[in-house]
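Visitor:
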Amino acid sequence: LVLSAIRNEETSRAPWVPFVGCHAAKLINTDCESFFKDADLIVAGVQAANEIYRPDGLPALFDLQIEAEALGCKLQWAKSNPPSVISHPLEEGKKLSELEIPTENDGRFPIVLDSMRRINATVGKDKAIYGLITGPFTLALHLMGTEIFYSMIDEPEQTHELMEFCTQVAIKTAGMYIDTGCDIIAVVDPMTSQISPDNFEEFVTPYAIKIFDYIRSRNKLGSLFVCGNAKNNIEPMCKCHADSLSIDENIPLDFVRDMCRKYNISFGGNIKLTVTMLFGTPADNVNDAMNCMSIGGTKGFILSPGC
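Note that the sequence shown ends on residue 337 in the working numbering; no numbers are left out.
(1) What three-state label does DSSP hand Tyr293 in the structure shown?
(2) Whole angstroms is fine: what's the gap from Thr168's alpha carbon to Glu39's?
(3) Does the distance from the CB of Val73 to the CB of Arg148 come in under 8 Å?
(4) Would a C-beta distance cut-off of 8 Å place Phe297 and Pro266 closer than the cut-off?
(5) Rounded to whole angstroms, what's the CA-CA distance from Asp156 to Thr176? Just pull it up for me.
(6) Which stretch, first to last residue, makes up the alpha helix (DSSP H) that contains Leu173?
(7) I think Cys103 touches His172, with their Cβ atoms under 8 Å apart; what is that distance to the nearest whole Å?
(8) Can you find at least 3 beta carbon pairs, one from the segment 37-54 and one from the segment 87-104, that sit closer than 8 Å?
(9) May I ask which residues mark the beginning and end of the alpha helix (DSSP H) holding Ile82?
(10) So the alpha helix (DSSP H) Ala319 belongs to, where does it begin and stop?
(11) When the Cα atoms are used, what is the spatial distance from Ile214 to Phe92?
(12) Exposed or buried, Lys125, counting other C-beta atoms within 10 Å across all chains shown (16 or more means buried)?
(13) Is the Cβ-Cβ distance between Met174 and Leu120 less than 8 Å?
(14) Across the segment 291-306 and the segment 258-277, are there enough close Cβ pairs to call them in contact, namely three or more that are closer than 8 Å?
(15) Hey, quick one: how far does the beta strand (DSSP E) through Leu143 stretch, first residue to last?
(16) Is the beta carbon of Val76 less than 8 Å from the beta carbon of Ala108?
(17) Decide if Ile36 is buried, meaning its Cβ has at least 16 other Cβ atoms within 10 Å, or exposed.
(18) Among the residues of its own chain, which have a CB less than 6 Å from the CB of Ala98, if the five just before and after it don't count?
(19) Below 6 Å CB to CB, which residues in the same chain sit around Ile208 once its five sequence neighbours on both sides are set aside?
(20) Between the C-alpha atoms of Gly252 and Ser324, what's the straight-line distance to the nearest angstrom?
(21) Smallest Cα separation from Arg287: which of Gly123, Met221, Cys268 and Gln188?
(22) Across which residues does DSSP place Lys329 in a beta bridge pair?
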């Protein structure tokens with residue numbers, strides 16, 4: 031169901047993919063820091079989510095700090111949230127030429143790859159498993175900090191050089207995750223909601239195209255995940271060679287449906303995380319899901335929470 035929907039085909043019903051991230055730690059009564067550092071806990075969390083939520087697909091892991099940490103960014107760990115990046119090597123004087131593309135042995139990649147192999151060999155037998163990589167613009171922000179917004183204006187060539195490096199990191203990471211057996215590679219680039227369509231087309235589109243073309247060359251499907259109110263960038267995102275877009279709660283689903291159908295790509299979303307899932311009743315969640323399914327239909331649509 032998930033693979034057919036991402037290929038923009040008609041399905042018997044809308045497939046259901048809850049983007050269970052560090053919430054999986056809650057399901058197995060552990061804290062986030064322990065969870066993200068232990069392959070056994072990651073596997074147990076995904077297995078618990080599979081049993082409880084009866085999904086058609088799941089992410090193997092939702093951690094947008096994996097690549098940044100392997101490249102030298104320091105992390106602030108928390109017990110009930112994912113870690114956050116608190117240092118930016120390029121802002122602290124390191125040169126881009128001194129950074130090396132991470133391998134299977136760097137950072138927490140050994141833990142992540144071990145857990146992915148086991149998840150794909152168990153839950154992945156009959157459920158679609160997503161491998162989530164950090165999008166190139168978000169990774170560039172991790173490495174450079176907010177200076178990147180000035181660099182885009184004052185030193186565009188430097189920004190392009192950084193984006194090219196981050197793209198190569200993304201391609202390497204995608205390849206490692208594909209090798210573990212992941213069905214879909216999701217490029218998660220939340221910070222793209224903070225830039226204009228013109229900047230998106232200049233600094234993101236050519237690099238996203240390289241990543242999605244690589245994923246396609248490996249005979250896998252690619253999805254672009256965006257967070258925040260990225261409505262102005264939805265059309266540029268449709269031109270990035272992704273098979274699918276997955277959106278946040280504050281972008282109207284009918285708008286995304288119509289835009290994606292114009293470009294013949296699939297889409298997913300967007301049960302409201304705050305109003306519905308955090309503060310609503312179970313009945314509110316049922317109604318929100320039914321509304322999403324009514325808008326999305328059964329061609330090229332995946333029911334999921336917002337980002």
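We treat Cβ as the ideally placed atom computed from N, Cα and C, and that holds for glycine. Here the structure is a predicted model, which is why all the values come from computation and not from measurement.
Guide: According to the structure shown:
(1) Counted from its first residue, the sequence shown places residue 293 at position 263. Under the three-state reduction of DSSP output, Tyr293 falls in the coil class, being neither helix nor strand.
(2) As a working mapping, residue 168 is identified with position 138 in the sequence shown. As a working mapping, residue 39 is identified with position 9 in the sequence shown. Going by the C-alpha atoms only, they are around 30 Å apart.
(3) Residue mapping note: residue 73 aligns to position 43 of the sequence shown, counting from 1. Residue mapping note: residue 148 aligns to position 118 of the sequence shown, counting from 1. In contact: Val73 and Arg148 (Cβ atoms closer than 8 Å).
(4) Residue 297 sits at position 267 when you count from the first residue of the sequence shown. Residue 266 sits at position 236 when you count from the first residue of the sequence shown. Not in contact: Phe297 and Pro266 (Cβ atoms no closer than 8 Å).
(5) If you number the sequence shown from 1, residue 156 lands on position 126. If you number the sequence shown from 1, residue 176 lands on position 146. Cα-Cα distance, rounded: 42 Å.
(6) For the purposes of this step, residue 173 is taken as residue 143 along the sequence shown, with counting starting at 1. Segment Pro166 to Met174, the alpha helix (DSSP H) holding Leu173.
(7) Stepping through the sequence shown from its first residue, residue 103 is reached at position 73. Stepping through the sequence shown from its first residue, residue 172 is reached at position 142. At roughly 5 Å, the Cβ-Cβ gap stays under 8 Å, so Cys103 and His172 are in contact.
(8) yes
(9) Position 52 of the sequence shown, counted from the first residue, corresponds to residue 82. Counting along the chain, Ile82 sits inside the alpha helix (DSSP H) bounded by residues Ala69 to Tyr83.
(10) Locating residue 319 in the sequence shown gives position 289, counting from the first residue. Unbroken alpha helix (DSSP H) run through Ala319: Pro312 to Gly326.
(11) Counting from 1 along the sequence shown, the entry for residue 214 is found at position 184. Counting from 1 along the sequence shown, the entry for residue 92 is found at position 62. Rounded to whole angstroms, Ile214 to Phe92 spans 14 Å at the Cα level.
(12) Here residue 125 is taken as the residue at index 95 of the sequence shown, counted from 1. Exposed is the label assigned to Lys125, since fewer than 16 other Cβ atoms lie within 10 Å of its Cβ.
(13) What you label residue 174 is simply residue 144 of the sequence shown in a count that begins at 1. What you label residue 120 is simply residue 90 of the sequence shown in a count that begins at 1. Cβ atoms of Met174 and Leu120: closer than 8 Å.
(14) yes
(15) Here residue 143 refers to the residue found at position 113 of the sequence shown. From DSSP, Leu143 is part of no beta strand (DSSP E) but of the alpha helix (DSSP H) over Phe139 to Ala151.
(16) For the purposes of this step, residue 76 is identified with residue 46 of the sequence shown, where counting begins at 1. For the purposes of this step, residue 108 is identified with residue 78 of the sequence shown, where counting begins at 1. Result no, Cβ atoms of Val76 and Ala108 do not sit closer than 8 Å.
(17) Your numbering for residue 36 matches position 6 in the sequence shown. Buried, because 16 or more other Cβ atoms sit within 10 Å of the Cβ of Ile36.
(18) As a working mapping, residue 98 is identified with position 68 in the sequence shown. Val115 and His172.
(19) Numbered from its first residue, the sequence shown carries residue 208 at position 178. Correct list, in chain order: Arg248 and Lys250.
(20) Counting from one through the sequence shown, the residue named residue 252 turns up at place 222. Counting from one through the sequence shown, the residue named residue 324 turns up at place 294. Cα atoms of Gly252 and Ser324: separation of roughly 25 Å, rounded to the nearest angstrom.
(21) Numbered from its first residue, the sequence shown carries residue 287 at position 257. The shortest Cα separation from Arg287 among Gly123, Met221, Cys268 and Gln188 belongs to Cys268.
(22) One-based indexing of the sequence shown puts residue 329 at position 299. According to DSSP, Lys329 bridges with Glu40.
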